[in-house]
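Report on the structure given below.
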Amino acid sequence: MNTTPPIKPPKAKGIKRIIKAFFYSKDGLKCAWVEESAFRQVLILALICIILASYITKDFLEWGLLILPCFLSVVIELLNSSIEKAVDYTGTEFHPLAKKAKDIASSAQLIGLIFWAFIWGRYLFCALSK
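Going by the working numbering, the letters in the sequence shown line up with residues 6 to 135, in that order.
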């Protein structure tokens with residue numbers, strides 16, 4: 006029986022590293038899309054809001070401020086999902102620290118969504134008040 010640990014391949018450098026990183030990122034997005042319904046929901050909502058922002062304002066700064074929370078929530082959901090996967094990998098039994106880790110990651114998304122609602126709500130309120 007062979008007990009030696011597997012040898013890691015040497016790390017890529019330069020442009021090869023960037024290309025590999027791109028494909029790892031693509032794999033991560035695909036995994037999130039296939040396995041995480043919350044990611045799909047946030048991404049679809051973000052795309053709708055980005056398109057809507059392009060129609061409701063022609064000012065670049067306003068547009069940027071409207072799409073910022075969209076991107077932030079997508080990023081937060083990716084981080085939240087990765088934390089959940091890592092915690093699930095460590096064990097299947099319930100542990101209070103695992104619950105806390107998942108709850109804290111989830112609360113980051115809640116804050117992101119509140120920020121999103123605040124920015125869009127304020128913008129729409131001001132636009133409709135004119």
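Glycine included, C-beta positions come from ideal geometry on N, C-alpha and C.
Write down the C-beta distance between serine 86 and alanine 51 rounded to the nearest angstrom, noting that I regard them as a contact closer than 8 Å.
Not a contact, Cβ separation roughly 15 Å.
Can you confirm whether the region 115–133 touches the region 73–81 when touching is taken to mean that 3 or more C-beta pairs between the two stretches lie within less than 8 Å?
Touching, per the Cβ criterion.
On the CB-based measure, 16 or more other CB atoms within 10 Å of its CB, does glutamate 98 come out buried or exposed?
A residue is called buried when at least 16 other Cβ atoms come within 10 angstroms of its Cβ; glutamate 98 does not meet this threshold and is exposed.
Mind checking which residues open and close the alpha helix (DSSP H) that includes aspartate 93?
Unbroken alpha helix (DSSP H) run through aspartate 93: 65–95.
Near lysine 31, what residues of its chain come up, given a Cβ to Cβ distance below 8 Å and the 5 sequence neighbours on each side ignored?
Taken in chain order, the list of residues that qualify is empty.
Rounded separation between glycine 96 and serine 134 - CA only
Approximately 53 Å, taken between the alpha carbons.
Taking the alpha helix (DSSP H) that isoleucine 20 belongs to, which residues open and close that run?
Unbroken alpha helix (DSSP H) run through isoleucine 20: 20–40.
Using only alpha-carbon positions, find the residue among Pro11, Ile12 and Leu71 that is nearest to glycine 126.
Here the closest residue by C-alpha is Leu71.
Quick check on the burial criterion: 16 or more other C-beta atoms within 10 angstroms. Buried or exposed for isoleucine 109?
Answer is exposed; the Cβ neighbour count stays below 16.
Would you identify the three-state DSSP class for phenylalanine 44, choosing helix, strand or coil?
In this structure, DSSP gives phenylalanine 44 a helical state, which the three-state scheme calls helix.
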